[in-house]
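Asker:
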Amino acid sequence: MSDTESRDSREVEQSDTEDGYEPRDIFGTTTEMDLRSGADNCTKVGTCDAECPVAEVDDDFPGPQFQGPEQWRLSSKGDVEIDDSVTKCSNCLRCDSGCPSGVPFSEMHNTARAKYVLEDQPLSIKKIRNRILANYRTSAWLASKLPRTANFFMNNGIVRWLMEKTMKIPSEREFPEFATQTFREWWAERGGEATSKERAQEARAQRGDAPVHSDEKRVAYFHGCYSNYNTTQVAKSMVRAYESLGYEITVPKQKCSGTPMFANGRVDDARRHAKVNVEHLGDAIEDGYDVICTCSSCSLALRQEYPDLFDLDGIDELAAHTYDALEYLRIHEDLEAELEGATVDAPDVAYHAPCHSRNQGLGRQAVELFADVDGVAVTDVGDSCSGISGTYGWKAEKYETSMAIGEEMFEHMEAVDAETGMTECPTCAMQMEHGTGYEIMHPIEVLETALT
Amino acid sequence: MAIDSDVLVIGGGIAGLSAALSAAREGAEVRLVTEAETTLHHASGLLDVLGYTPDGEGPVVDPFATIGDLPDSHPYAIVGERTVRDGLAMIDEVLGETYRGEHTDANALVPTHGGTVKPTARYPASVAAGLASDDRDVLLVDFERLTGFDAGVAADHLADGGIPAETSAATVEFPVTVRDDAKVTRYAHLLDENPTVTVDGRDRHVRAALADAIDPHTGDAKRVGLPAVLGVDHPAEIRAELGERLDAAVFEVPMGPPSVLGTRLEDWLYAVLDDAGVEIEAGGGPIVNFDADDRTISEVYMDRSGSPIPYGAEQYVLATGDVAGGGIDSDRDGVAEPIFDCHVPHPSDRYEWFNDDAFGDHAFVTFGVVVDETLRPIDDADDPEFANLRAAGAVIGGYDYPAEKSASGVSIATGYAAGRHAAREV
Ligand SMILES: Cc1cc2nc3c(=O)[nH]c(=O)nc-3n(C[C@H](O)[C@H](O)[C@H](O)COP(=O)(O)OP(=O)(O)OC[C@H]3O[C@@H](n4cnc5c(N)ncnc54)[C@H](O)[C@@H]3O)c2cc1C
Ligand code: SF4
Ligand code: SF4
Numbered sequence: 031m032s033d034t035e036s037r038d039s040r041e042v043e044q045s046d047t048e049d050g051y052e053p054r055d056i057f058g059t060t061t062e063m064d065l066r067s068g069a070d071n072c073t074k075v076g077t078c079d080a081e082c083p084v085a086e087v088d089d090d091f092p093g094p095q096f097q098g099p100e101q102w103r104l105s106s107k108g109d110v111e112i113d114d115s116v117t118k119c120s121n122c123l124r125c126d127s128g129c130p131s132g133v134p135f136s137e138m139h140n141t142a143r144a145k146y147v148l149e150d151q152p153l154s155i156k157k158i159r160n161r162i163l164a165n166y167r168t169s170a171w172l173a174s175k176l177p178r179t180a181n182f183f184m185n186n187g188i189v190r191w192l193m194e195k196t197m198k199i200p201s202e203r204e205f206p207e208f209a210t211q212t213f214r215e216w217w218a219e220r221g222g223e224a225t226s227k228e229r230a231q232e233a234r235a236q237r238g239d240a241p242v243h244s245d246e247k248r249v250a251y252f253h254g255c256y257s258n259y260n261t262t263q264v265a266k267s268m269v270r271a272y273e274s275l276g277y278e279i280t281v282p283k284q285k286c287s288g289t290p291m292f293a294n295g296r297v298d299d300a301r302r303h304a305k306v307n308v309e310h311l312g313d314a315i316e317d318g319y320d321v322i323c324t325c326s327s328c329s330l331a332l333r334q335e336y337p338d339l340f341d342l343d344g345i346d347e348l349a350a351h352t353y354d355a356l357e358y359l360r361i362h363e364d365l366e367a368e369l370e371g372a373t374v375d376a377p378d379v380a381y382h383a384p385c386h387s388r389n390q391g392l393g394r395q396a397v398e399l400f401a402d403v404d405g406v407a408v409t410d411v412g413d414s415c416s417g418i419s420g421t422y423g424w425k426a427e428k429y430e431t432s433m434a435i436g437e438e439m440f441e442h443m444e445a446v447d448a449e450t451g452m453t454e455c456p457t458c459a460m461q462m463e464h465g466t467g468y469e470i471m472h473p474i475e476v477l478e479t480a481l482t
Numbered sequence: 002m003a004i005d006s007d008v009l010v011i012g013g014g015i016a017g018l019s020a021a022l023s024a025a026r027e028g029a030e031v032r033l034v035t036e037a038e039t040t041l042h043h044a045s046g047l048l049d050v051l052g053y054t055p056d057g058e059g060p061v062v063d064p065f066a067t068i069g070d071l072p073d074s075h076p077y078a079i080v081g082e083r084t085v086r087d088g089l090a091m092i093d094e095v096l097g098e099t100y101r102g103e104h105t106d107a108n109a110l111v112p113t114h115g116g117t118v119k120p121t122a123r124y125p126a127s128v129a130a131g132l133a134s135d136d137r138d139v140l141l142v143d144f145e146r147l148t149g150f151d152a153g154v155a156a157d158h159l160a161d162g163g164i165p166a167e168t169s170a171a172t173v174e175f176p177v178t179v180r181d182d183a184k185v186t187r188y189a190h191l192l193d194e195n196p197t198v199t200v201d202g203r204d205r206h207v208r209a210a211l212a213d214a215i216d217p218h219t220g221d222a223k224r225v226g227l228p229a230v231l232g233v234d235h236p237a238e239i240r241a242e243l244g245e246r247l248d249a250a251v252f253e254v255p256m257g258p259p260s261v262l263g264t265r266l267e268d269w270l271y272a273v274l275d276d277a278g279v280e281i282e283a284g285g286g287p288i289v290n291f292d293a294d295d296r297t298i299s300e301v302y303m304d305r306s307g308s309p310i311p312y313g314a315e316q317y318v319l320a321t322g323d324v325a326g327g328g329i330d331s332d333r334d335g336v337a338e339p340i341f342d343c344h345v346p347h348p349s350d351r352y353e354w355f356n357d358d359a360f361g362d363h364a365f366v367t368f369g370v371v372v373d374e375t376l377r378p379i380d381d382a383d384d385p386e387f388a389n390l391r392a393a394g395a396v397i398g399g400y401d402y403p404a405e406k407s408a409s410g411v412s413i414a415t416g417y418a419a420g421r422h423a424a425r426e427v
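As given, the protein sequences belong to chains A and B, one line each in that order.
Note that the first sequence ends on residue 482 in the numbering used here; no numbers are left out.
Note that the second sequence ends on residue 427 in the numbering used here; no numbers are left out.
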């Protein structure tokens with residue numbers, strides 16, 4: 031029994047069922063999507079309910095067992111409207127990891143939200159606002175053209191008051207700052223792929239451990255919107271860290287991963303973006319690259335939500351070749367040896383594992399990785415949910431719930447002997463900063479300082 | 002390259018946790034990988050050693066004295082009484098004040114949510130005042146909207162069972178109006194946070210208001226039992242405050258899944274592993290495959306959304322549970338251990354799995370791997386399947402834990418032993 035054998039058989043199966051770019055029609059025929067068997071798996075014991083951070087604080091929320099299998103059973107019996115409580119679910123997917131019977135929550139929530147938004151939700155300001163939040167990439171692209179102006183207006187008192195009144199965006203929230211140069215601009219200015227190849231080869235020569243040309247050490251970076259427009263330092267750290275280990279990087283054409291769209295029921299928008307991503311990342315995979323992400327919601331989308339929701343050529347290949355940036359190095363490098371004796375000049379940090387990292391089983395890797403590195407102490411603040419879950423905490427009517435969920439995490443962060451936070455998810459980072467006033471780092475930034 | 006450690010434990014139930022802890026205590030670098038991190042959320046939080054004999058006699062008074070009478074193939078007989086005691090001692094030590102029962106070899110009788118009494122060896126401190134052997138009068142309280150515990154029915158059952166105390170029951174309104182199907186975690190959260198609520202025009206903290214509601218019903222009762230929802234983070238504090246206000250010993254009645262007592266036990270044990278330096282990777286997908294050289298496992302592979310993630314170790318412990326946990330597969334074609342395909346004896350006729358007398362009522366719960374004296378799974382010729390693989394917990398066959406009430410005891414004893422054997426080989 032070997033690993034390759036089982037993968038091969040999977041690939042054969044996949045190509046048999048491929049039907050090109052024909053979308054699986056998930057709207058209108060929602061009930062035909064084969065989730066019946068998933069709903070029938072449910073033993074009604076309610077473990078999922080005990081995992082849900084919203085049900086713990088919000089008496090109007092019926093909890094995942096209802097939201098998932100229960101509603102599924104109801105809606106497959108007849109033309110039942112999706113309950114509007116679906117909009118209270120934050121898509122943290124703790125129910126998904128918690129269910130012992132493998133009920134496909136991620137798929138159920140996303141499909142139900144989509145059905146709700148497209149068929150049942152009345153048109154309102156909130157709906158329009160949700161569409162704008164879902165299409166963060168478009169707004170961010172606009173803002174990046176005039177970053178200074180955007181930063182000024184976004185957090186200007188009067189503008190924010192108006193936004194709260196008209197768009198229901200809570201004025202308590204700080205808008206993320208837009209970088210004056212996007213990551214892609216920086217990447218292009220730096221010389222793109224050619225420069226990366228040069229630096230990687232230099233590093234390999236210096237390490238004396240790899241041939242000058244390497245087919246192995248090549249990764250395609252999916253940066254997503256946030257590290258492109260806002261936290262560009264995360265993307266740059268990834269580039270330098272990987273190059274120092276001898277990896278050549280390419281940055282394919284890409285669109286939003288779709289995470290904010292799934293969470294707002296805009297599966298239609300997400301699909302359009304997914305198509306572009308699958309195509310361009312797929313080309314890179316064909317050329318021998320693996321795909322890496324620094325944002326945990328992006329990697330979750332590419333690995334799990336895409337194959338769950340869309341039927342696109344190459345989508346399973348993409349899922350199988352996508353990794354979190356730290357995870358990938360842990361598999362392919364002897365990081366322990368690389369970090370041996372390393373001292374970093376970084377503040378001690380209170381680490382929060384984003385729900386979407388936990389969902390991929392990556393909730394502990396950052397703590398483990400830096401445990402033996404001098405100069406930085408990483409303390410895990412436990413498994414509380416940050417409560418922001420992407421665009422969720424950006425809605426005035428969800429603000430209080432979001433802060434109530436986050437309360438436990440804020441307390442735990444403050445109890446730790448550190449004045450800086452660390453996490454992989456950009457929106458968790460926003461919530462952490464908002465609740466504690468700390469500056470928040472990404473593990474790859476610490477890794478970069480340790481390696482270079 | 003693979004993600005490396007000395008000992009890799011597969012499975013995060015009580016068996017895997019015990020194995021990882023004992024291996025770490027032997028000085029090994031240990032990693033625990035588990036598909037689900039929430040297994041103990043289901044469990045009652047009680048740690049049974051042996052409640053009934055395999056012949057169905059009981060309740061057993063002294064489980065340790067009974068071990069010598071078990072068939073040779075029983076996991077307790079394989080590891081021996083000494084190891085059962087040592088394993089429990091390890092758990093007693095790490096759970097400290099939060100668990101009780103180590104003062105005696107005799108089983109305690111713990112009343113559960115249906116009013117039945119369960120013989121068990123270790124129980125949370127929070128249920129201690131509820132033991133059926135206690136002769137102080139007892140009041141059981143349930144909440145208007147909380148399902149899963151009917152105090153009246155439970156009190157009657159206990160009285161019928163002849164416990165040496167007067168029993169009474171009351172139903173109170175929980176001071177915060179929660180939704181009708183509110184989850185146990187909602188109650189626990191409110192008691193942990195203890196926010197202010199307005200009851201009859203008065204501002205009271207939730208705990209105080211709850212005590213106010215119970216107080217008129219206490220009568221002569223010296224003990225008050227509540228459903229086990231008294232906090233996840235601050236249970237001792239909540240119990241102490243209620244007890245002081247009611248002037249009675251407050252205890253929790255273990256509930257069905259999902260269980261707050263199980264959740265607390267899990268939180269504590271995972272924290273203990275963390276302190277012991279065990280690397281924990283939960284929720285990333287199942288281990289599905291392996292590479293081996295000449296009956297020595299070199300690597301195992303996790304399936305993470307289709308990407309195979311390699312994990313390497315010198316020694317492996319298989320603690321994946323039985324059919325319910327995912328450690329044993331049973332389908333139309335047969336019964337198998339899905340990762341390493343270890344030998345699992347079972348009758349070839351499917352109908353016999355369920356009601357053949359030779360296998361008892363539910364043959365399928367006794368299905369599992371067969372192990373040698375160092376807990377290595379063996380093949381049908383009695384040779385070890387692999388030189389560096391050991392098994393622990395419900396994945397081992399040959400005993401009927403639901404009938405015997407021996408689940409956690411076997412998991413702890415075999416986990417402890419497997420972890421030690423593995424660590425001593427590295
Ligand atoms: C509802 C309920 C009530 C219980 N009440 C009691 C009680 O009152 N007293 C008592 O003593 N015991 C009780 N138990 C039993 C106890 O909690 C344990 O389930 C039992 O001892 C078996 O433990 P285990 O660790 O061997 O297996 P399990 O608890 O089944 O754990 C197996 C673990 O392995 C993981 N796993 C399986 N396959 C893979 C794979 N391929 N890759 C990675 N990970 C995998 C699973 O996710 C799981 O975490 C109860 C259990 C349940 C479910
Ligand atoms: S955890 Fe899974 S099986 Fe249990 S009630 Fe929720 S959906 Fe159903
Ligand atoms: S995704 Fe999160 S918020 Fe939504 S039902 Fe599941 S656990 Fe609750």
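In this text, a Cβ means the ideal position worked out from N, Cα and C, and glycines have one as well.
As the structure is a computational prediction, the values presented were derived from the model and not from experiment.
Considering just the uninterrupted stretch of the alpha helix (DSSP H) at A/Gly-128, what are its terminal residues?
Answerer: Position 98 of the first sequence holds residue 128 of chain A. Taken as a continuous stretch (DSSP letters only), the alpha helix (DSSP H) holding A/Gly-128 covers 124-128.
Asker: So, does the CB of A/Arg-388 fall closer than 8 angstroms to a CB anywhere in chain B?
Answerer: Looking up residue 388 of chain A in the first sequence gives position 358. A/Arg-388 counts as touching chain B.
Asker: On a CA-only basis, which of A/Leu-356, A/Leu-332, A/Asp-354 is nearest A/Asp-346? Give me that one, please.
Answerer: Here the question's residue 346 of chain A lines up with position 316 in the first sequence. Nearest C-alpha to A/Asp-346: A/Leu-332.
Asker: Can you grab the Cα-Cα spacing for the pair B/Ser-23 / B/Leu-141, in whole Å?
Answerer: For this step, residue 23 of chain B is matched to residue 22 along the second sequence. For this step, residue 141 of chain B is matched to residue 140 along the second sequence. If I take the Cα positions, the gap works out to 39 angstroms.
Asker: Pull up the distance between the alpha-carbon of B/Tyr-124 and that of B/Ile-164, whole angstroms please.
Answerer: For the purposes of this step, residue 124 of chain B is identified with residue 123 of the second sequence, where counting begins at 1. For the purposes of this step, residue 164 of chain B is identified with residue 163 of the second sequence, where counting begins at 1. The straight-line gap from Cα to Cα measures roughly 19 angstroms.
Asker: For a cutoff of 8 angstroms on Cβ pairs, would you count A/Glu-48 as touching chain B?
Answerer: Translated into positions along the first sequence, residue 48 of chain A becomes position 18. Low per-residue confidence applies at A/Glu-48: pLDDT is 33, beneath 50, and the placement is therefore not dependable enough to give any value.
Asker: Report the rounded CA-to-CA distance for A/Ser-39 versus A/Ala-350, giving the unit in angstroms.
Answerer: Start at 1 with the first residue of the first sequence, and residue 39 of chain A comes out as number 9. Start at 1 with the first residue of the first sequence, and residue 350 of chain A comes out as number 320. Residue placement at A/Ser-39 cannot be trusted, given a pLDDT of 36 that sits under 50; the coordinates are not used to answer.
Asker: Please decide whether B/Glu-98 counts as near chain A, where near means a Cβ-Cβ distance under 8 angstroms.
Answerer: Taking the second sequence and counting its residues from 1, the one referred to as residue 98 of chain B is at position 97. Judged by the 8 angstroms Cβ criterion, B/Glu-98 is not in contact with chain A.
Asker: Return yes when at least one heavy atom of ligand 3 lies under 7 angstroms from the C-beta of B/Leu-192, else no.
Answerer: Counting from one through the second sequence, the residue named residue 192 of chain B turns up at place 191. For ligand 3, not one heavy atom lies less than 7 angstroms from the Cβ of B/Leu-192.
Asker: Against B/Ile-4, what residues of chain A qualify as contacts under a CB-to-CB distance less than 7 angstroms, listed in chain order?
Answerer: Start at 1 with the first residue of the second sequence, and residue 4 of chain B comes out as number 3. Arg-360, Ile-361, listed in chain order.
Asker: Assuming A/Arg-248 is part of the alpha helix (DSSP H), what are its boundary residues?
Answerer: Taking the first sequence and counting its residues from 1, one reaches residue 248 of chain A at position 218. Premise fails: A/Arg-248 lies in the beta strand (DSSP E), 248-252, not in any alpha helix (DSSP H).
Asker: Any beta carbon from chain B within less than 8 angstroms of A/Leu-399's own beta carbon?
Answerer: Taking the first sequence and counting its residues from 1, the one referred to as residue 399 of chain A is at position 369. So, not an interface residue.
Asker: If you follow the beta strand (DSSP E) that A/Asp-341 is in, where does it begin and where does it stop?
Answerer: Translated into the one-based positions of the first sequence, residue 341 of chain A becomes position 311. Looking at the DSSP string, A/Asp-341 is not in any beta strand (DSSP E), and its letter there is neither H nor E.
Asker: Are there any heavy atoms of ligand 1 lying less than 7 angstroms away from the beta-carbon of B/Ser-409, as far as the coordinates show?
Answerer: What you label residue 409 of chain B is simply residue 408 of the second sequence in a count that begins at 1. For ligand 1, at least one heavy atom lies less than 7 angstroms from the Cβ of B/Ser-409.
Asker: Just the Cα atoms here: how many angstroms apart are B/Thr-40 and B/Gly-13?
Answerer: Indexing the second sequence from 1 puts residue 40 of chain B at position 39. Indexing the second sequence from 1 puts residue 13 of chain B at position 12. Approximately 7 angstroms between the Cα atoms of the pair.
Asker: Could you pull the start and end residues of the beta strand (DSSP E) that B/Glu-282 belongs to?
Answerer: Residue 282 of chain B sits at position 281 when you count from the first residue of the second sequence. Here the beta strand (DSSP E) through B/Glu-282 covers 280-283.
Asker: Can you tell me whether DSSP reads B/Ile-397 as helix, strand or coil?
Answerer: Translated into the one-based positions of the second sequence, residue 397 of chain B becomes position 396. It is a strand residue.
Asker: Going by beta-carbon coordinates alone, are B/Gly-88 and B/Ser-19 separated by less than 8 angstroms?
Answerer: Here residue 88 of chain B is taken as the residue at index 87 of the second sequence, counted from 1. Here residue 19 of chain B is taken as the residue at index 18 of the second sequence, counted from 1. Yes; because the gap between Cβ atoms is below 8 angstroms, this pair is in contact.
Asker: Output needed for B/His-43: all residues of its chain with C-beta closer than 7 angstroms, excluding positions within five of it in sequence on either side, in chain order.
Answerer: Numbered from its first residue, the second sequence carries residue 43 of chain B at position 42. So the list reads Pro-258, Pro-259, Ser-260, Gly-263, once near-sequence residues are dropped.
Asker: Using CA atoms only, rank isn't needed, just tell me which of B/Gly-28, B/Gly-17, B/Val-10, B/Ile-11 is closest to B/Ala-277.
Answerer: Position 276 of the second sequence, counted from the start, is the residue given in the question as residue 277 of chain B. For the residues B/Gly-28, B/Gly-17, B/Val-10, B/Ile-11, the minimum Cα distance to B/Ala-277 belongs to B/Gly-28.
Asker: Answer yes if the region 290-303 of chain A comes into contact with the region 268-279 of chain A, meaning at least three C-beta pairs across the two stretches below 8 angstroms, and no otherwise.
Answerer: Short answer: they don't touch.
Asker: Hey, out of B/Ala-166, B/Asp-138, B/Thr-172, B/Arg-146, whose CA is closest to B/Gly-153's CA?
Answerer: As a working note, residue 153 of chain B is residue 152 in the second sequence. Taking only the C-alpha atoms, the option nearest B/Gly-153 is B/Thr-172.
Asker: Mapping the DSSP letters down to three states, classify B/Gly-410 as helix, strand or coil.
Answerer: In the second sequence, the residue the question calls residue 410 of chain B occupies position 409. It is helical.
Asker: If you compare alpha carbons, which of A/Thr-210, A/Pro-99, A/Asp-79 is closest to A/Asn-71?
Answerer: Looking up residue 71 of chain A in the first sequence gives position 41. Minimum Cα distance to A/Asn-71 is reached at A/Pro-99.
Asker: Per DSSP, B/Ala-250 forms a beta bridge with which residues?
Answerer: Along the second sequence, one-based indexing puts residue 250 of chain B at 249. B/Arg-224, per the DSSP bridge assignment.
Asker: Evaluate contact between the region 398-413 of chain B and the region 51-61 of chain B, counting only Cβ atoms and requiring at least three cross-stretch pairs below 8 angstroms.
Answerer: They touch, by the three-pair rule.
Asker: Can you tell which of A/Asp-113, A/Thr-466, A/Gln-97 has its C-alpha closest to the C-alpha of A/Pro-134?
Answerer: Counted from its first residue, the first sequence places residue 134 of chain A at position 104. Among A/Asp-113, A/Thr-466, A/Gln-97, the Cα nearest to that of A/Pro-134 is on A/Gln-97.
Asker: Are there 16 or more other CB atoms within 10 angstroms of the CB of B/Arg-333, so buried, or fewer, so exposed?
Answerer: By one-based count along the second sequence, residue 333 of chain B stands at place 332. By the 10 Å Cβ count, B/Arg-333 comes out exposed.
Asker: Assign A/Leu-123 to one of two classes, buried (16 or more other C-beta atoms within 10 Å of its C-beta) or exposed (fewer than that).
Answerer: Mapped onto the first sequence, residue 123 of chain A falls at position 93. It counts as buried.
Asker: Kindly indicate which residue of A/Glu-478, A/Glu-475, A/Asp-410, A/Thr-457 has the alpha-carbon position closest to the one of A/Val-446.
Answerer: As a working note, residue 446 of chain A is residue 416 in the first sequence. Among A/Glu-478, A/Glu-475, A/Asp-410, A/Thr-457, the Cα nearest to that of A/Val-446 is on A/Asp-410.
Asker: Answer yes or no: does any C-beta atom of chain B fall closer than 8 angstroms to that of A/Pro-53?
Answerer: For the purposes of this step, residue 53 of chain A is taken as residue 23 along the first sequence, with counting starting at 1. Bear in mind that a pLDDT of 34 at A/Pro-53, under 50, signals an unreliable position, so the model cannot answer this.
Asker: Along chain B, in chain order, which residues have C-beta atoms closer than 7 angstroms to that of A/Gln-334?
Answerer: Along the first sequence, one-based indexing puts residue 334 of chain A at 304. Correct list: Ser-306.
Asker: How about B/Val-139 and B/Ala-414: do their beta carbons lie closer than 8 angstroms?
Answerer: Locating residue 139 of chain B in the second sequence gives position 138, counting from the first residue. Locating residue 414 of chain B in the second sequence gives position 413, counting from the first residue. No, these two residues do not count as a Cβ contact at 8 angstroms.
Asker: Under a three-way DSSP split, which group does B/Phe-387 fall into?
Answerer: Within the second sequence, residue 387 of chain B is the residue found at index 386, counting from 1. Here B/Phe-387 sits in coil by DSSP.
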